[in-house]
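Peer 1:
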Amino acid sequence: MTTIAILGAGKIGEALLAGLLKAGRRPADVLFTERYPQRVVELTEQYGVRGVENDEAAALADVLVVAVKPQDIEPLLDALAPVVRPGTLVVSLAAGLPTSLYERRLPAGTAVVRVMPNTPMLVGEAMSAISAGSHATAEHLALVEEMLASVGKVVRVPESQQDAVTALSGSGPAYFFFLVEAMIDAGILLGLPRGVSTDLIIQSAVGAALMLRDSGDHPVLLREAVTSPGGTTIAAIRELENHGVRAALLAAIEAAALRSAQLGRAHEPSA
Ligand SMILES: NC(=O)c1ccc[n+]([C@@H]2O[C@H](COP(=O)([O-])OP(=O)(O)OC[C@H]3O[C@@H](n4cnc5c(N)ncnc54)[C@H](OP(=O)(O)O)[C@@H]3O)[C@@H](O)[C@H]2O)c1
1 MTTIAILGAG
11 KIGEALLAGL
21 LKAGRRPADV
31 LFTERYPQRV
41 VELTEQYGVR
51 GVENDEAAAL
61 ADVLVVAVKP
71 QDIEPLLDAL
81 APVVRPGTLV
91 VSLAAGLPTS
101 LYERRLPAGT
111 AVVRVMPNTP
121 MLVGEAMSAI
131 SAGSHATAEH
141 LALVEEMLAS
151 VGKVVRVPES
161 QQDAVTALSG
171 SGPAYFFFLV
181 EAMIDAGILL
191 GLPRGVSTDL
201 IIQSAVGAAL
211 MLRDSGDHPV
221 LLREAVTSPG
231 GTTIAAIREL
241 ENHGVRAALL
251 AAIEAAALRS
261 AQLGRAHEPS
271 A
């Protein structure tokens, strides 16, 4: 049985921990590390899993899942470097940290898989993209895929595409939240009470998302199905096109990818 240790059981770490247990992993096969003793007590009480120190996790676990904030990575790598055992798989959930950073800092040959998850992991609906480092094998990728499938959907991408992934699905939920916020305001403009407007838009978002995911139909077909000749939807679409919403999304997502690449360069050796 594979022992998995989650290093940094904050929001994302806890979501993965809960997903692994829900998917059938035994509490005895899952460990976590956390800085504050009170948080350790809380998580142990809630999930029946053991909180340990980082060096103990490295000694006991086959898979170390790094789920600390990127700014906390340096002290963690310092703590792990002398204790990571040969054969350990390191899985990084930390946004923007390249596998090369781990490979430079951990013992030679350490297998690393980089993951870009997103916040819907908190409700078991993550979109995670995984990339192999230079020593990660097909078995390592399959194991990480299986782990992350317990909290959502998983795709494999070359690491060079992780900036694009960050811009699309990493930041993606924020774009939808932004859109929903604006649509709720439109309801207010039309005189609806805020609560009603919110209910109308959130349920429409959920329904549209499920149709997109479950029908297998292209978004264009789904949109055309509610766009009648001379009707209300086409009047709205004309305004969206007039206001350049499609171009704005292309520019916004491109800007996010450029920013991701810029942040990633901070972890290059010369930086
Ligand atoms: N949330 C997101 O939207 C999202 C999406 C994609 C990727 N991610 C990635 O997921 C990672 C975690 O994000 P998060 O939102 O879950 O952050 P978070 O809630 O702050 O969780 C990180 C946890 O790690 C703990 N920690 C820090 N250093 C530690 C150490 N040396 N040993 C043990 N525990 C340590 C922190 O403790 P303290 O409270 O004491 O700092 C905190 O509880 C980040 O790298 C982020 O880039 C997050």
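Counted from 1, the sequence shown has number 209 at position 209 by this note's numbering; the numbering is strictly sequential. Backbone N, C-alpha and C fix where the C-beta goes; we use that ideal spot for every residue, glycine too.
1) Expressed to the nearest angstrom, what Euclidean distance is found between the alpha-carbon atoms of V41 and H243?
2) Please give the ranges of any beta strand (DSSP E) in the stretch 195-229, keeping only runs that are unbroken, at least 3 residues long and fully inside the region.
3) For V226, which residues from the same chain have a beta carbon less than 7 Å from its beta carbon, with the 5 sequence-adjacent residues on both sides left out?
4) Can you tell me whether R50 is helix, strand or coil according to DSSP?
5) Given that a residue counts as buried once 16 or more other Cβ atoms are within 10 Å of its Cβ, and exposed if not, what is S260?
6) Are the CB atoms of V52 and L17 nearer to each other than 8 Å?
7) Determine the contact status of T99 and D62, defining contact as a CB-CB distance below 8 Å.
8) With burial defined as no fewer than 16 other Cβ atoms inside 10 Å of the residue's Cβ, what is the status of R213: buried or exposed?
9) Leaving out five residues before and five after V113 in sequence, what residues of the same chain have Cβ atoms less than 8 Å from its Cβ?
10) Just list the residues that DSSP pairs R246 with in beta bridges.
11) Let's see if you can read the secondary structure: which residues bound the beta strand (DSSP E) around K153?
12) Once you ignore the five residues that flank S150 on each side, which residues in its own chain have a CB closer than 7 Å to its CB?
13) Whose CB is closer than 6 Å to a heavy atom of ligand 1? List the residues in chain order.
Peer 2: Let me spell this out:
1) 52 Å
2) none
3) T233
4) strand
5) buried
6) no
7) no
8) exposed
9) L89, V90, V91, S92, T99, I130, S131, A132, G133, A136, H140, L141 and V144
10) Answer is none; R246 lacks a bridge partner.
11) G152 to R156
12) G19, L20, K22 and A23
13) L7, G8, G10, K11, I12, G13, T33, E34, R35, Y36, N54, A67, V68, K69, P70, D72, P75, L76, L93, A94, A95, P117, N118, T119 and G170
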